[in-house]
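To start, the structure itself, in structure tokens.
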Amino acid sequence: MALGAAWLLVLQLVLRPTLVIGIKMEIAIKNFRTLHVDYPMIHYPKGFLGYCNGLMAYVRGRLQDWYCPKIHYVVHAPWEGIRKFCKYSESFCENYNEYCTLTQNSFPITVCTLGSKQPPTSCSYNSTLTNQRLYLLCSSKHNAEPIGIIGLY
């Protein structure tokens, strides 16, 4: 019995970090899909004063954070069309400690930018619709999923 308990303890110590990392990565992938992919593009009621104000209210609620992000990218394309670019991400971005890639295709993107000179309790955003390539962070080198957007090209 003591041998079984000792073996279980060893397995827990060895496998737990792997499980925790796996769970964190699954959350990052789900958050990317939820917060950065809007296809087909939704339309917010006029009370939100524009697409980005409605979207960023959702983003801040989802992240459970009162902080107003300065910039947020939203891709208006199907998930599979974005996802395929992380399939084989050969570049390692040291600044982010993750694999990354530049998409070969351009995508319709809304860039939500925090307006300047606002009171700290207000988050008012400007919307810019553009069509550009994405710098994506990927979950690993092979068979990866997008987990973030570094910027546009």
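With mature numbering (1 follows the signal peptide of the UniProt record, and there is no 0) applied, the sequence shown covers -22 to -1, 1 to 131.
Note that the Cβ used here is the ideal one computed from N, Cα and C, for glycine as well.
Reduced DSSP secondary structure (H/G/I, E/B, other) of residue i
i              : result
asparagine 121 : coil
tyrosine 29    : helix
isoleucine 20  : coil
tyrosine 66    : strand
histidine 54   : coil
Selected residue, minimal CA-CA separation from residue i, among the options
i            : options                       : result
valine 52    : Glu68, Ile87, Asn9, Leu41     : Ile87
lysine 8     : Gln82, Gly129, Tyr131, Ile125 : Ile125
histidine 14 : Arg61, Asn73, Leu80, Ser102   : Arg61
glycine 59   : Tyr22, Thr81, Gly93, Met34    : Thr81
alanine 122  : Gly129, Tyr74, Cys64, Ala35   : Cys64
threonine 79 : Cys90, Gly129, Tyr103, Asp16  : Gly129
leucine 92   : Asn109, Leu114, Leu115, Gly28 : Gly28
serine 105   : Cys90, Pro18, His21, Leu115   : Cys90
arginine 11  : Asn75, Trp57, Leu115, Ser100  : Trp57
Check: residue i C-beta below 7 Å from any heavy atom of the ligand HEM
i            : result
threonine 79 : Ligands in the displayed structure: none, and consequently the ligand HEM is not present.
CA-to-CA distance, residue j to residue i, given in whole angstroms
i             : j                : result
histidine 120 : lysine 95        : 44 Å
arginine 38   : asparagine 73    : 25 Å
glycine 25    : tyrosine 66      : 43 Å
histidine 54  : leucine 41       : 21 Å
serine 102    : tryptophan 44    : 13 Å
proline 18    : phenylalanine 70 : 31 Å
tyrosine 36   : threonine 108    : 21 Å
glutamate 68  : tyrosine 77      : 7 Å
lysine 48     : cysteine 30      : 12 Å
leucine 33    : asparagine 75    : 28 Å
leucine 114   : isoleucine 1     : 20 Å
tyrosine 22   : serine 100       : 18 Å
Closer than 8 Å to chain D by CB, residue i
i            : result
histidine 14 : Reference to chain D is not applicable here, since this structure consists of a single protein chain.
Residues that DSSP places opposite residue i in a beta bridge
i            : result
serine 105   : Cys90
threonine 79 : Leu114
cysteine 71  : Glu76
glycine 39   : DSSP, once it has assigned bridges, lists no residue as partnering glycine 39.
Same chain only: Cβ atoms within 8 Å of residue i, ignoring 5 sequence neighbours per side
i            : result
arginine 111 : Leu80, Thr81, Gln82, Asn83, Ser84, Phe85, Leu130, Tyr131
alanine 6    : Ser117, Ile125, Gly126
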